[in-house]
Amino acid sequence: MKGRVNAGLIAGGVLVGLVVAMALVSFVWTPHDPELVDAANKLREPGDGYLLGADKFGRDTFSQLMVGARTTLYVGIVAVGIAALIGTPLGVIAGMTRLRWLSELVMRVNDLVFAFPALLLAVMLGAVYGAGTLTAMIAIGVATVPAFARVARAATMQVMVTDYILAARAAGRRRLPVAFRHVLPNIGSMLIVQASVSFAIAILAEAALSFLGFGTRPPTPSWGRMLQESQELLFSTPRLALWPGLAIALAVLGFNLLGDGLRDYLDPKLRRIRAER
Amino acid sequence: MLSVEGLTVRAGAVELVHDVSFHIGPGERVGLIGESGSGKSLTALSLMGLLPEGVTAGGKARLHDRDLIGVPESKLKDLRGRAMSMVFQEPMTALNPLMRVGAQVAEVMTLHGRPRDQARARAVELLGEVRLPDPAQVARAYPHQLSGGQRQRVMLAIALANEPGLLICDEPTTALDVTVQKQMLDLIAEVAPALLFITHDLAVVASVCERVLVMYGGRVVESGPIREVFTRPRHRYTEGLLAASKLTPRGTRLPTIQGSVPPAGQFPGGCVFRNRCPHADTACEKVPALTGEGHAHACWHPADRG
Amino acid sequence: MRRIGIWIAAGGLLLSIAACGGGGGSGAADGERQATQEQSLSVGFVAEPANLDFTSTEGVAIPQALLVNVYEGLVKLDQDGAIVPLLAEKWEVSDDRKTYTFTLRQGVKFSNGADFTADDVVFSFERLKTDWKLKITSQLDMVEKVEKKDDTTAVVTLSKPSNSFLYTLATRLGAMFSRTGVDDLANTPVGTGPYQLGEWRRGDHIRLDANPGYWGEKPAISSVTLKYFKDATALNNALLTGGIDVISAVNAPESLDQFADPNRFEVIEGTTNGEVVLSMNNGRPPFDDKKVRQAVRHAIDHQALLDTAWAGRGQLIGAMVPPTDPWYEDRTGDYPYDVEKAKELLGGKTYDVKMRIPNLPYAVASAQVVKSQLAQVGINADIEPLEFPARWLDAVFTNADYDLSIINHVEPRDISIFANKDYYFRYDNPEFGKLLAAADEGTEQEQIENYKAAAKLMSEDAAADFLFLFPNLIVAKKGVTGLPKNAISESFDFTGLAKQ
Amino acid sequence: MILYLLKRTAVFLVSTAVAGVLVFAFMAVLPGDPAEVALGVNATPEALAELRRQFGTDRPPVAQFLDWFGGLATGDFGTSYVTSAPIGPQISDRLGVTVVLVGGGMLAALLIAVPAGTFAAVHHRNPLGVVISAFSQVGIAIPAFLAGILLVFVFAVQAQALPSGGYVPLAEDPVEWFRSLLLPWLSLGLVQGAVLTRYVRSAVLDVMREDYLRTARAKGRGRMGALWRHGLRNAAVPVVTVLGLQLATLLIGAVVVERVFVIPGLGDLLLNGVAARDLLLVQGVVMVLVAAVLLINFVVDVAYAALDPRLRGAR
């Protein structure tokens, strides 16, 4: 049973779509080179080919936002991908197994990983391998594993007691085929919702890391770093902070709305399993 | 004692219960029967003033001399749990999981003015009265430590605590094991003051009630003493319902009502049953009135005319 | 409406707290302090010392806080850069310029109560060889021996005449330590200076209190708090809101407009000894090739860089010599901005190089400009910010594992670092070393001539590129006096400060 | 209940020990011998050996670990290789600041979220409830440091009403202590409060649909009365989980707010340690943070059991 398409889903879809569109277009076209330093355009006012003006390096803000969308998506996709690829099997195993100790062990390990939040991991990894987009993505990804594992486990446990799984099991199917054929498709919707919510968190985490200097390396545009760089001009040129701030907020809002909307749309029955923040 | 006159329940533009009228005398046990979606639970909830948000009731309902419909919550809540109480279908979820059973029973008494210590003591007595073994221990238990049947007894104890004039039971035994059902029904029959008993189970209503109201599509389609309605149903729906519930010898066709209950708000105009009724004709496009003294029916082509 | 109610309530709370603090807090406190003649001042800094031992830990943060203020040397630099007596009342130089006889000031005590004598001078010089862990101690390699003649006379013998000897004694290398006060230098500095360590709350501030037993004139400010801000904006905000009295160095130069109100603030803009150097690793490809280095120098539009990266504050330089040094020559014309010339020098080749920079505001800003400009000539520089100090020092400074880097070399008269071929520049031109040696041993005139020649040589060799001279940007509350226009020593000297 | 507590305690202790091994192992793989780092490239082998002996890094890793981990129990975190200061007191100072910062922030978040979330749930159909939901969605989307920067801009720089940053110990000046923490609390509280508002709202919404709330009303309670007496404690169960998660992530997450407001907390100490390559310090801070998160998990579990009798017997 599918729920109805709701306003949140549409709004979220539109916002996320905008981010994706900006990122995709940036591969083939940006109004200006986002990394080109041009003293003549320093702090140029908006207009005349520079839609949102330029920063203190004379770089076009709009072009930077477009390429920044790419960075945002990279971080989100890789981080969420890592979390989903590790967390989902763990959660499914914990949810399917009849061995209580195994389930318990997976969840305890989960709790342990949870004790290393993304920022802590990023700082630790940064200390060893150097800060950068990659370490940030890995740190955010690993820190998000427990969220996926918990949701996957809870959803699996719900699916495991449904009739068709019991029937499949009664028919003597082995666990792995059951997991692939029946469990994964049925917890898929919850995982998609979780992915959307985790994506929003990854964006915020990247922004925080960039603020601390543990995120994307300059000059690659990143919304978090744009915000950080705009700080000294907050008084004189607030627009430099406004646009990346707005971009972060709208992207996060978009992914959150999308997640909520998808939850209602995909499977109203599973509403009770909440995506973990 | 309870008189309902032209009760309607609507959710927004959709009318879910239409023009329902009946009354229950002191000590009388009345069954309200119908399939799910017939509006029987809404009828009961509207009397208690517990309709879900967005659902409103109109018409008139009086308990003794107190209006139940269209009065503010603050007046109604004094009646609830004291003049009338209700036992719900799901005993597993109807009790607060975080509160001891005794406290939940006592609460209904302290709410209506009884001192706390008295209420506590009385709660244990009540738990005994609903035949719970070792009531003192049950009082200290949390709901999850009790079985479904035990919890429903607790609900009954709560309902009876203030000796209300009217007890409304909404499918109180549906969720219980068959063996437990019987005990529960006996208990209800024994302790109930005036009773409005809602169920879809004909056998259950026959064992508890004296009079029955049959609902379909938000309307009362037939009403009367149990014996008469069950042996000589007049409305075609009642007829079908009874036929479907009878055990048939192996091999013979099971007589069922054709089609299924339409979703709320999509019942046909006129006689609500006419899209499923084998006897329906153009006459049925008008709404039939509920007619007849004692045993009444709302059908243009009633069965068993003689 | 409930949420709005909460907002109003929260706002009201804020305001009432604010009002109460505004009345009873700083304002009243200021009045009180003035009344009791106990003046205090807080100065905001960006880099906090990891510890207080500048004999074992690199970096400018420690001498900035402690030198002259807590530790004193035999001599110091005055505001004009001249060498003046400090712990030495006077000194005599032998005719061969190899023997220095210092007459020590009498009645000087360390803050641990010990008397300062010639034994401490001998002790401090010996520590340079035995206990110091920094490479810069090589700057005093010309010291052959140090002897005590009597309690107030110490004789230093050099292996060769040296113009830089006295000057170097004014840096941290010349700091005098107590024989009984070096057990815990990292946490408990013991010096003869006008201040002593009052309190150090790590990560927040260091408080220096007036040393009651100081031999000289007591400083006007009896308690100086050095407050540390990792974030340049937070540092600005602190002054704007009255949290501190002075910003020692503005690290967000674009934000200077905030302090434009002359009734509230005074902005001091001068020069420092800090050359912001674009270092190139002369020891490995591609920058072992002089042409490639020259191409880099031509490829960079220094004025544009200064305008964008540092708000145009600072001065352009062409070599490792600040204009305050006597042998300064304008070398900015050696490599004019010329993209075509740069491309020609590269011969159409392109390069991928690692630019490993400290994660400091000026370096991160400059690196982005450098990268963009180098890209125009076919050099693709990958920027990697490293945590400063530890990771940068380890990777770049110690192990020279880099192609390009950007760092502000703040030590005074530090052109000599290019003479050390093991220094992370890996610049190796024997001619350069000879010029420096000749400068150090020669007469004053020879010194100037040789330094000029050395600067010219290293500039032409493109041993490094010099992005700009770091400006001395100080902002103070109106009424704070005694702040230096030019920062020419390693120390932030608090002794001359006062508050009106 | 006692069995449950014992079990939880055991899980907590084992997890902490495992975390200790992980943290230690992670730091052990870090390149660079602390003695070499301390002495620099020109050090003599003898000096290195001496310093290694002094640091204790010449012993087998297991012995080092046991020594370090055993020391933790008594609050001895060792002595920093870089600053040669004992690490324990630094950590406990900073931990105190962080706990006050995060605790106050969460308190502010609760003060915002519980009324706002409950209101939004009760009035989920009318415009004001929807407006609150929308506000909380927007609040979630704003990075905490941005909120902090804006608060500084408005309340400190423009209004000159509160300090822009810095931390004054409580013992030094209680009023200034409070003033210095007000904006940091608020910036944590607003953002976390927005997140929490959503959870409170959906928890209360869920509870409002529960049968026992209808039972309570059937007993004669009013709508709000039933919610107050029977709903809030039930709604608290999921909210406590979220609260635990938030607290745990905030312990380190607050570092950005510490940076904006120049508050010397644990996160700041960690970043300093990383910048100065003070490995033992980093190791100690990470261990404290991780142990704190595990402790919070433990407390949340116990709080669960206290709130929900169903959990006491089970598991």
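Chains as they are written, first to last, in my numbering: chain G, 801 to 1077; chain D, 25 to 330; chain R, 119 to 618; chain W, 182 to 496. The beta carbon of each residue, even a glycine, is placed where N, CA and C say it ideally should be. Small disclaimer: the values here were computed from a predicted structure and weren't measured.
Contact under 7 Å by Cβ, residue i with residue j
i	j	result
D/Ala68	D/Asp194	yes
G/Ser863	G/Pro834	yes
R/Phe550	R/Ala572	yes
R/Ala293	R/Gly191	yes
D/Tyr166	W/Pro445	no
R/Leu424	R/Gly432	yes
R/Lys461	R/Val487	no
R/Val364	R/Val161	yes
G/Met866	G/Ser826	yes
R/Trp428	R/Pro476	no
W/Val474	G/Ala915	yes
W/Trp409	W/Gly286	no
R/Ile501	G/Arg1017	yes
Within-7 Å CB hit, residue i to chain W
i	result
D/Met108	no
R/Leu358	yes
D/Asn299	no
G/Leu920	yes
D/Lys101	yes
G/Gly1045	yes
G/Val923	yes
R/Ile126	A caution first: R/Ile126 carries a pLDDT of 37, below 50, which makes its placement in the model too unreliable to give a value.
D/Arg164	no
Buried or exposed (CB count within 10 angstroms, at least 16 for buried), residue i
i	result
G/Leu966	exposed
R/Asn369	buried
W/Gly465	buried
W/Arg398	buried
D/His47	exposed
G/Ala971	exposed
W/Ser361	buried
D/Lys64	buried
G/Glu1029	buried
Chain D within 7 Å of residue i, Cβ atoms only
i	result
W/Pro419	no
W/Pro490	yes
W/Arg440	no
Which residues DSSP lists as bridging residue i, in chain order
i	result
R/Ser397	R/Ser523 and R/Ala582
D/Ser27	D/His47 and D/Arg86
R/Asp327	R/Gln314 and R/Ser341
R/Asp470	R/Asn498
W/Phe207	In the DSSP output, where bridge partners are listed per residue, W/Phe207 has none listed.
Cutoff 7 Å: residue i Cβ touching any chain G Cβ
i	result
W/Ala322	yes
R/Asp425	yes
R/Thr351	yes
Minimum Cβ-Cβ distance from residue i to chain R less than 7 Å
i	result
W/Ser368	no
W/Gln271	yes
- Message: So within the stretch 179 to 224 of chain D, which uninterrupted beta strand (DSSP E) runs reach at least 3 residues, ignoring any that extend past its ends?
- Response: DSSP assignment within the stretch 179 to 224 of chain D yields the following whole beta strand (DSSP E) runs of 3 residues or more, N-terminal first: 190 to 194 and 218 to 223.
- Tell me the start and end of each unbroken alpha helix (DSSP H) in the stretch 89 to 146 of chain D that is at least 4 residues and wholly inside, in chain order. Scanning the stretch 89 to 146 of chain D for uninterrupted alpha helix (DSSP H) segments of 4 residues or longer gives 97 to 103, 115 to 118 and 125 to 135, listed from N- to C-terminal end.
- Task: Mind listing, in chain order, the continuous alpha helix (DSSP H) runs of no fewer than 4 residues lying wholly within the stretch 953 to 997 of chain G?
- Result: Complete alpha helix (DSSP H) runs here, min 4: 963 to 970 and 975 to 978.
- Query: Unbroken alpha helix (DSSP H) runs of length 4 or more, entirely within the stretch 999 to 1075 of chain G: which are they?
  - Reply: As far as the stretch 999 to 1075 of chain G is concerned, its whole alpha helix (DSSP H) runs of at least 4 residues are 1023 to 1030 and 1039 to 1066.
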